[in-house]
Structures are given as structure tokens and as C-alpha cells.
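Written below as C-alpha cells is the structure these notes are about.
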Amino acid sequence: MIPTAFDYSRPTGVDEAVHALTDGGEDAKVLAGGQSLIPMLRLRFAAPSMLVDLGSVDEMRGVRDDGDALVIGAMTTHAEVLDDPLIRAQAPLIAQATATVADRQVRHMGTFGGSLAHADPAGDMPSVATALDATFEIAGPSGRRSVPASEFFVDYLTSALEPDEILVSVRVPKLAGWGTHYEKFNRVAQAWALVGVAVAIRRSNGTIDEARVALTNMSSTPVRAHGVEEALVGAPATDESMAAAGQHAAEGTEPTSDVSASADYRTHLATVLTRRALGTAAGI
Amino acid sequence: MTVTEDRSGAEVGRERLRKEDARLITGRTMWTENISLPGMLHLGILRSPMAHARITHVDVGPALEMSGVVEAFSGRDIADMQGAMPCVWPVTEDTVLPDYPPLAVDEVRHTGEPVAVVAARDHATAMDALEAIEIDYEPLPVVLDMEEALADGAPLVHADTGTNKCYTWVLDSAEAGTGDDVAQAEADAEIVINRRYIQQRLIPAFMEPRSVVVDPTGEQITMWSATQVPHILRLLLAMSTGVPEQKIRVIAPDVGGGFGGKLQVTPEEFIAFAAARRFGRPVKYVESRSETMLSGHHGRDQIQDVTLCARRDGTVTGISVKLLANMGAYLGIITPGIPILGAFMYGGIYKFPAYRFECSGVFTNTTKTDAYRGAGRPEATFALERAMDDLADELGMDAMEVRRRSWINHDEFPYTTSAGLTYDSGNYEAATEKAMELFGYNELRREQASRRESGDPVQLGIGISTYTEMCGLAPSRILGQLRYGAGGWETASVRMLPTGKVEVITGTSPHGQGHETAWSQIAADRLGVPFDDVEVLHGDTRTSHKGLDTYGSRSLAVGGIALVNACQKVVDKAKPIAAHLLECDPADLEFVDGQYRVKGTPGAGKTLADCALAVFTSHDMPDGVESSLDADATFDPENFSYPHGTHLCATEVDTETGRVTIRSYVAVDDVGRVVNPMIVEGQVHGGVAQGIAQALFEEAVYDADGNLLTGTFVDYTIPSSADLPDIVTDRTETPAPGHPLGSKGVGEAGTIASTPAVVNSVVDALRHLGVSDVRMPCTPERVWQAIRSAQDGAQEGGARL
Amino acid sequence: MTHISMTVDGVRYDDDVEPRTLLVHHLRDKLGKIGTVVGCDTSNCGACTVLMGGNSVKSCTVLAVQASGMDITTVEGLAGRDGEMHPVQQAFHETHALQCGYCTPGMIMSAVDLLAENPDPTDAEIRDGLEGNLCRCTGYQNIVKAVREAGETMRTARHATPETASAHATRDEVTT
């Protein structure tokens, strides 16, 4: 299959990219690696009039240290994220989850920002960013703005990005001393997650001080499992409290039923996988 | 183990690396898609988005107005020349054979059915032009479920036939005189097992999507196609379109897998053929993966109702099988016959005195079904081996012990089954013993017990599958009795070149099986020439003018013998010439190690190469001897061959998530004498992987409107390396008697054996929880649901108590 | 049309292409690099895998314009100038890691990429590392073996003298 025809622009700077996108009109789309977009173009599920390829915008690439946070350029590929020493040391949850994204070839082309801006609730990065309370740095014709993860994911395949805006970078807090884990469950290795659970836990003296839990593919957006988080605060780091907290995993979620799994099963998986993810993150 | 005299020479039995590899690992392969001809047009095919509808209006005009679009047409435009898609296996006298135009004319009956065609300067333009075609449909009622399709008042897939039933075919051992009466066996049985098993619909998913190139500009109309069956394709093109057979040349160049999925003549081939004739220009059609998934034929899709009658000691006294087989919307070349190929295998390796089989083929608004690796035999083996496990469970016996009670002992061959087949040879005891030992059966049973006792969330299951299959398709006389439209012979030719090199031409048509290597090994031994001096030619009706192609594990078991016989003819033809050169009496000569020598006389003799040169010059031929060593041979088998084996599978089942992980897998197969052990092992690996895929991963699913929900590799989940285990393979070797090679065939064995081994293992892991079946594929969700239902059932049962 | 320039298997090519042209179609239709094939339309099968800038990518999920300025290696560019097989190609042959061969170009390129990053992978790492390449014939078992053996060969060659380093590839094709 071959995509429908489109125009192509390859800017080298963020402002230039925003201009190109604005000039391209409402059917212009950003190409940020293309590992989700190009298959959709080939199947003709999408037919943009123009693609603005961010592949040459060097300032959007790479990871830098910014005090108590890391700033990840949106065009940093998954493979580059995996290789990055800062990520490995300061954001192991991202490293671990990134290793589960698709396959090697896709990770070489696909980008961290692209997988977030695509806002697929079955993607792994959106729930990880949600668990980490990441901040999204956005550039548009009227300048730059920041959006928290809790507001970035609006609906299925819909983010807070306006059609003429570009996700430039993502700011994630360093979680020194936290235990983290991403638990992904899929039918075959290269399939999307039926359900995923991203967990970060801070504990002291056998008690959990703080927990952040977000779920992949349990609603039309990634969702924070607030019930789980609340049940954990102040609880002892034991199997029992993880299991008890896990029972709250599916609260408030609206999983779909599709050819891969029923909503019932996803709900069940969410509790089991949350319990397991919490246990691994807490090191018990 | 049965052992006969070892007649193999230096090459047969040796792990020769493959001749085919050099081009495949360097990218110099001749795939159909790589073929490009001057002036060639690229076809695009518009496909129906509706599962059942009347076509009320088609206008290709807007497409024709687009830049670069050369031609466009609908079914109505070529109705008189496109021919009709043939079915060559009406299994009964009254089998319903609906009209099947390659390009739909008035009505579409499944999603993906071709409705219009564009021809453009390049592929991208053709794709664009498809979107410009205007077409209107009037929806008709859709029927997808087989039982609903057979109910009174069901919507008809083909209104003119008045029924959705394609045929009902019966085999009854009492009526046929091949065994006892099943009804009586059931009345007399001490225990009766009634089970319904579902064979889900599968998609063959060969890696090379189908494609076809047609050049109408030469003396013959030449078609290159990614097909398993170039000879059958040529014949059926000629018979269906009226183009004289000698005016058609079909070439199967390198073909990227088939698994039965390319044992078909396709609407796309017919459409390309019609387009090329219409335009007088070469055309090319390359199918996308999603088109292949949607419109290439599917496999399996049967409902199996099985009744097993037995005594309390575990001896089985009879089996009765009632099948519904989904034909899909149309009949492919052997669609009706696929379940019939299974009809003879519901007795497996056992001595079941009574047998009854009844199969009804059913039309639905789905893609047609047809051959998929094993074709009928995996379905039969699955139902039988699942039922044997259920019988063991009911009796509280070890699953292997139940099988031992009824299987045919090695000293009872040849054995005629109640299905009427005579099994040539086998040694089920030897294969099973070897498998049990490699598997560590007793240790695993101990671990299983301890996990059950401790309530481990991850339970262990052990699955057994003992199987036999009928290979070497097929004795022509039997095919005739089954109303199949052709014979089952195969052919080979040997051409001795003046330099002593050899061309072997085979009527089989490999697409990954390594015939170029294996046939070279056979010819090298038989002719006494070096392996590298043999070239194997195939898949082009101009060079290989006669053949019945490759499927049904037939190539070696039938085509291999044809080659042996052709080689022998060459050796015989050369003898008087060698005698002439050696100035002796032919009767005094023997042919040993590639040399004709006077018996009992060591020293220099004459090789076939010497004779070939002598024949080429023909300056000094003996009187009355033809100046040629070349020979053809055609072989028609008298019986099928019957490979067998025992497969054992251990699975770990996570009872919380339902995830099944294969922990170990042992396959011991007996495929008779082996020409190339490396290739045989590879066939078993791949076959087992496909069988595991049916057990755990794959299913073609339609929604209520007849849309294929699993139309890409995103949703039709074929396993990757990360999803499959290493398997342990071994062999026993019981040669096929009366077969000059002793080989039985191996292409389908792994697929036939592995599916029940895996599912039996999953069920075995969960039996103590009350689970007695898990529907395929045993996805995590299905396993979890099965556990949950069993628990709910147990609770309800408890409440009643 | 957009002008692109890329080096493929050591040769530079300059072309004007439609932006929608997939890299794999550019390689096959324009540059004659038919060794790289298309097996699906959803980026699952990996048959089209090539190296771009040294990294494996699925050339059916890359636009030709995205590859402009890049160095591409296809299966046709792996063997030495004298036809000497790459150790991964040689290992695929020697371990019977292919049957129909359609997935093989992509599988080989993925294996080359995997071994470049992890020269001594475990079987589990090989299985995970090749998850983006589907094969329907082999059940993967001999592919895993081939990658393991190619890794061994390449590690040995790296530590050996230049003279013995090339011995692997000229090894006689005769089998046991």
C-alpha cells in the first residue's frame, strides 16, 4: 500500500517548523519519526496534505540535566533514550518502559515525543509520563506554553496540542531513591499492551511515603490510579498492602472491549498487574 | 525400530547445505514482485467493503480521467472473457457448485471480493485511481455462523442455489464393510465421551504476499505467479477461459512460502490474465498484506462433534464424528475436499473397530476456506487427541496409558483401519518411548503434583499428542473414488548433458522446502555424479511440462520416486553404450559408484559422463541404440504413506492472568527414511511453530457485519521468535515399505501433531480446577475465563450440595 | 518532487522523488535494490529491514525523503567485494536458518544490527532482539542458532590476527 500524495517540509528549527505547520493549513501534520503515522498513511486511514518532518530540528533531540528534572527532546528516538546515561540513572522507569516499545527497528526511528503526541492510550510512553507527572513544553504560533501530563492527554489519539502546535520537549522529575516498574501485558511480543501499569514508589523504613501509578489502555487516555496511590500512602511495604491497593486499580477506568480483549478481562488484568508492578517497584 | 537394508549411498542421508541459499541470503532472488517488463501496466483491484450486497452501479470513468491511468473495468465489462473460478473437488454427486466470477458482476458475497480494476503507469497511480471509482451497493442480509446458515429461513449466500448447504459426505464403517456399526458400539459402550471442539479460522500468512505478472506479447501468454501449483494453474486457466493450453506458459519463480495458502488458482490471477489479454500489454498485480489477509483463502473453521465409545479399561470401541465445515462464500479449487482429507484420520494411530464420519459443508458470507498446512488432518488429529485426553480423565487413567490400550502395535502392520486405509508401517511404541525419555515425563508429573499441592499460581500441564497422517498425495485411483478432478502421480525427467552434468526436471514446485538440494542428493547417488553437477529445474511449464506440484507432503514421497525411476532409466539406457565403449556384453556390466564395470573386474570402467559424451557425438553408437540418455518417469503411488510420531508439551499456566508459556516441547517423528536430516528437522521446527500458533495465538475474526477484524498483522498475531520456545526434535526411522527411498513425507507432521499437544497441556494444567476445555486459540483471556467459569460452576455446585 | 541524496551499499544516488515514496519502494523501484522486500503494510514483519546510519529500520515505514543524506546498507551490501559472505549470511546458510527465504534479508539485517550492539547475546536476548521480524517457515530455532554462531565467529575474528580473521568466511561449504 502507498500513501496518498502530500507535500513535505523539513525545517531545521522549532520556529521554522511552527511556521511550516501553520502555512500547511489544517490538514498539515507533524512527522516525528513516523512509526505510527506511516502505517496509517499506507492503509490510507490518514491523508494529510502536508507533512512537516521534525527530523532535522537538532534542538529537539537529546536529554539534558536541568536541576531536579530531566528535559527530553521530543525528537529523541526511543533507542537514544534507552542509551542515555542520564535516563538510565535518573529515570529508570522510562528506560525500562522504552525497552518494551515495539521492536528494535521501530525504536531506532520512533521518537519519545512522537509516541506522546500520538496520544494512543495503548502506547507505553503516555502512561509512564502520566505516572511521572511530566510537563509538556509546547511551541505554537503564539509562543511557548507548558502543559502538565494530567491535561495533555485529552481523548483517544487526541492531545492538548493544537493543529499548529509542536511538542518540543518533555520535562520529567528525577526520582532519586524511588522504586519504579513498568508491567506490560501483551498477547505477542510485538503487540500493543492489553494493559500496562507504570509505578513509582518512595518508601522509608518499610513504609510507603508516596506512590504514583498510571495505567496503559484502561481508558481513552492514560489514567492515574488514584485509588491505588491513596491506599498505599502510609501503608507498610508488604505483599498484603500491595494486593489490597491493587484492588483499586480499575476504579474509574473505562476500558474498551475489542478483538484483543474484553473490558472485563482488562479490568481483571489491571488489578493483578498493578499488584505485581507495585511489588517489583517496592522490591518485595 | 523397524530396519531394512540400507540402500542409500553417499548423498542420501547427509546434511547437505542448501543450494537455494546463496541467492536467498544475498538478495538476488527472483520473486514475482521483482519482475518488471517493458510497457508493463500496474493493476489495482477495488474490493468490496460489504459482506453481501448487490452491485447497483459502477462507473470507472472518473478513474480513467486521472493522469497516468491507462485502463479501468468492472466485472460486467469482462464478463464474457474472464472465465469462472474452478472447483475441482465436488465431493458428492450433488455438491452445490455456485457461480464464482473472478471479478464480481452483480453481487458480492464477502468483504474483499474484487469488484473493479484499474491499470496505470505505476503502482501509486493505480492506488489513487481506485479511490476515484464510483460504485453503489444495495446491502443484502449477511450470514456468518454455520449453524445459523443451515437454519430454516436463513439468508442465502447464493440465492439461486436455494440452500447454504454445499454437501453432506458420509463414511460409515458398517456400510462400507470396513468395520463395526457405531450405533451398536455406542449402545454397548461402558463409557461414552461427547465433545464439541471448535477449529477456529486461520490465515495461512505465508511471508511473501501473492503477486502475478502476465505477458501476453509472446507466442505463449506467460504468467509468473507466486503459486505452489504452476501446472494446475495453467490447466485451469486454459479450461476456464478457453485459451488453448499450449498457448499458456506459467512460471512459479522463487516463491516465498505457501503452507497450502498458495495451493489455489486465484481471482487475482484470472483478473490479471484477462487484463493482459484485453490490453495486449504486460500487467503486474502485487497484493498488499491486508489484501492477502482479506481475500487469500483461509483455513480450518470447523465445528467438530465427537463421540468416543469405550470400555472401562480404556479400550476404545468406536468413534463418531459430525462436522460442520465452513466453505466461505465460494469454493476454491479443493475447498469441499479439505475436511474429507481429515475423514480418514479420526482413527489416528488406533484400532477403533467402529467409525462413522459425517461432514456438511456450509456457505457463509466469509472468505473461502481451502488448504492450510495439514488440510483436514490437523483438525482430525486435534479432535481425536483431545477426546483421548478427556477419556483418560473420565476414567482416571494416565493419558498415555489410554493411548497404549488402543494403538496399533508395531508387529500389526500393515494394518487396515475402520476408515478403510491400510497403514503401511510404523512403530508407535518406539517413538513414544523416545519422546517420554527426552521429555522427562515422570519428573514433570511429580512437579505438577507438587505445584497443585502448594496451590502455586503458576500451574504445570503436560500435553500428549500421538499422531499419524496420510501423506504422499495421492494414489490416483483413490482420488478418483473420492471424485477429485485429477490424478495424484508425479513426474521427473533427467537430462544428461554432453559434459556429463545433469539437469533434473521435476513436476513438483518447491517454495522453501529445499528440493533443489534434496533432488540433487538423490540424483547424485543414483547416477553416480557429484552433487554439484546436478541442477534441479522446476516451476516453469516450458521446462517442466508436466507435474502436479507441491502440497500434501507429496513431493518426496511421490516425486522423489519418479526421480529415482527416471535415474534408473538413464542408467539402463547408458548400459549398451558403456558396453560398446568397453567392448563387452551389456549383460556382463554392473553399475557401481557411478561406473559401468565388467562384473568382478576392478579397474577403469566407463562413467555416465563418458556415455553422455559418446551419445552427444554419436560417432560410434552401437546399432539400434537411440542417441539420447535422457529419460522421463511418472510415478503413481499405490497407497498413501503414513508418517507418525509422539509430541509432548509442558506448559506453565499463570492462573492469575491466564498466560500460557511453553516450558518444554519434544517432537519425535518417524517420517521414514530421510534424505536430508537438516531439512527434515527444519520442517518439523516450522510445522510445530504453526501448530503452536493455532493453539495459542491465531484466529481470524469477523464482526457481525462480516468485516474481517484481524486483517493485518497487528490483529492477526502470528508469533515472533520472542513468543516461541526451542523444541527438542528426534526421530525414529521406519522406512516406507516398497518405496525405493523409504521416505514418508514431513511437510505437515509438525503442524498436525503440535496443536493438540499444546491444548492438552493447557487443559491438563487446569483440570484440577475444574477446567475441561479451553477454546483455541488459548489466549490469556480465554484461559482466565475458563478458570473463572470453572470456579463459578464449582461454587454453584457447592451451593446445590 | 523532493530532491534526495543517499548512499546505498556504498554507491551515492541523487533523485527527485514524490514525498510519499516509501524508502523500500525507492530502493526497489528506482535503485534496483530488489533484495529488500515488502511483507506487510503495518510495520510488523520486518522483511524490509535495512540499516540506516548503522541502525536497523523498517524501510516500509520510512519515507525516502526521511532517508535523504543517510548511509543505507541493504542485504545486497553485506558481502565483501569479492563475494565473501558476511558472517551472519554464512551462519544463516550453515545452520539452515532459512527455508522460503522471504523474511531472510530483513532477518539478516536485524541480526547484524543486534550483534553490533550486543556481540555476545544469550538465546533469550536473540529472541527478544528479533521480535520485529516475522518468519513463517523455520519456527525461528535455527535463526537463533545462526545469530549465536555468527556472534561467535565475529568475536573470534575480532580477536584474531588479520590473516585468521577472514578464515571464517572462506570456510569450505562441505558439511558433516
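In the order they appear, the protein sequences are chains G, S and W. Just so it is clear: in the first sequence, position 79 is 79 by the working numbering, and no numbers are missing. Just so it is clear: in the second sequence, position 568 is 1568 by the working numbering, and no numbers are missing. Just so it is clear: in the third sequence, position 5 is 2005 by the working numbering, and no numbers are missing. Where is the CB? At the ideal position from N, CA and C, for every residue including glycine.
Three-state class that DSSP yields for residue i in the structure shown
| i | result |
| --- | --- |
| S/Met1345 | coil |
| S/Gln1264 | coil |
| G/Ala189 | coil |
| S/Phe1279 | helix |
| S/Ala1116 | strand |
| S/Thr1161 | helix |
| G/Val101 | coil |
| S/Ala1449 | helix |
| S/Cys1567 | helix |
| G/Gln96 | helix |
| S/Asn1326 | strand |
| G/Ala211 | strand |
| S/Gly1798 | Low confidence applies to S/Gly1798: its pLDDT is 44, below 50, so where it sits in the model is not reliable enough to give any reading. |
| W/Ala2124 | helix |
| G/Pro118 | Note on identity: in this sequence residue 118 of chain G is His, with Pro being the wrong assignment. The answer is coil: DSSP assigns G/His118 none of H, G, I, E or B. |
| S/Phe1352 | coil |
| W/Gln2066 | helix |
Listed by chain order, chain G residues near residue i by CB distance under 7 Å
| i | result |
| --- | --- |
| W/Ser2043 | Gln35, Pro39 and Val106 |
| S/Ser1288 | Met1 |
Nonlocal neighbours in the same chain, by C-beta distance under 7 Å from residue i, ignoring five residues either side
| i | result |
| --- | --- |
| S/Gly1485 | Val1088 and Trp1089 |
| G/Gln190 | Ala102 and Asp103 |
Residues that residue i bridges to, as DSSP identifies them
| i | result |
| --- | --- |
| S/Ile1055 | S/Tyr1137 |
| W/Asn2055 | W/Met2052 |
| W/Asp2009 | Beta-bridge pairing links W/Asp2009 to no other residue. |
| W/Leu2114 | Per DSSP, none; premise fails for W/Leu2114. |
| S/Cys1649 | S/Gly1463 and S/Tyr1665 |
| S/Ser1189 | Note on residue identity: the sequence assigns Ala, not Ser, to residue 1189 of chain S. Paired residues: none, contrary to the question. |
| S/Gly1299 | S/Leu1202 |
| S/Val1096 | S/Val1096 pairs with nothing; no bridge assigned. |
| G/Met182 | Per the sequence shown, residue 182 of chain G should be read as Tyr rather than Met. G/Tyr182 is bridged to G/Ala198. |
| S/Tyr1285 | S/Val1212 |
| S/Asn1194 | S/Thr1307 |
Chain W residues whose Cβ lies nearer than 9 Å to that of residue i
| i | result |
| --- | --- |
| G/Met109 | Met2052, Asn2055, Val2057, Lys2058, Thr2061, Val2062 and Gln2066 |
Interface partners of residue i on chain S, CB under 7 Å
| i | result |
| --- | --- |
| G/Val259 | Val1701, Leu1709, Thr1710 and Asp1715 |
| G/Tyr265 | Glu1781 and Trp1784 |
Neighbouring residues, chain S, relative to residue i (Cβ below 8 Å)
| i | result |
| --- | --- |
| G/Ala270 | Here the premise fails: no neighbours, minimum Cβ distance about 11 Å. |
| W/Val2144 | Ser1721 and Asp1726 |
Nonlocal neighbours in the same chain, by C-beta distance under 6 Å from residue i, ignoring five residues either side
| i | result |
| --- | --- |
| S/Leu1323 | Gln1302, Gln1304, Pro1339 and Cys1359 |
| G/Val213 | Val199, Ala225, Val228 and Glu229 |
Beta-carbon neighbours of residue i, restricted to chain W and to distances below 8 Å
| i | result |
| --- | --- |
| S/Gly1027 | Lys2033, Ile2034, Gly2035, Thr2036, Thr2074, Val2075, Glu2076 and Pro2105 |
| S/His1538 | By Cβ distance, chain W contributes nothing, its closest Cβ being about 14 Å from S/His1538, past 8 Å. |
| S/Ile1679 | His2096 |
| S/His1511 | Cys2100 |
| G/Thr286 | For chain G, the structure presents residues 1 to 284; residue 286 of chain G sits outside this window and is missing. |
Close Cβ partners of residue i (< 8 Å) along its chain, the five nearest in sequence each way excluded
| i | result |
| --- | --- |
| S/Thr1369 | Arg1201, His1297, His1298, Gly1299, Arg1300, Asp1301, Ala1325, Asn1326, Met1327, Gly1328, Gly1332, Thr1335 and Ile1338 |
| S/Glu1005 | Because S/Glu1005 carries a pLDDT of 37, less than 50, the predicted location of this residue cannot be relied on, and the following value inherits that uncertainty. Nothing meets the Cβ criterion. |
| S/Gly1539 | Pro1230, Ile1251, Ala1252, Pro1253, Val1255, Ser1509 and Pro1510 |
Cross-chain neighbours of residue i in chain G, by beta carbon under 8 Å
| i | result |
| --- | --- |
| W/Pro2087 | Those do not exist, as W/Pro2087 stays about 19 Å from chain G at its closest Cβ, beyond 8 Å. |
Cross-chain neighbours of residue i in chain W, by beta carbon under 7 Å
| i | result |
| --- | --- |
| G/Tyr8 | Thr2002, Pro2019 and Val2065 |
| S/Gly1686 | Gln2099, Cys2137, Thr2138 and Gly2139 |
9 Å Cβ cut-off: residues of chain G touching residue i
| i | result |
| --- | --- |
| S/Phe1273 | Those within 9 Å of S/Phe1273 in chain G number zero; the least Cβ separation is about 24 Å. |
Interface residues of the segment 1715–1735 of chain S facing chain W [CB-CB below 7 Å] | Residues of the segment 1715–1735 of chain S with a C-beta atom less than 7 Å from some C-beta of chain W are Ile1718, Ser1720, Ser1721, Ala1722, Leu1724, Asp1726 and Ile1727, listed in chain order.
Residues in the segment 51–67 of chain G having any Cβ partner in chain W nearer than 8 Å = Leu51, Asp53 and Gly55
Relative to chain W, which residues along the segment 1197–1221 of chain S have a C-beta separation below 9 Å, given in chain order?
-> Of all residues in the segment 1197–1221 of chain S, only Pro1204, Ala1205, Phe1206, Met1207, Glu1208 and Pro1209 place a beta-carbon less than 9 Å from a beta-carbon of chain W.
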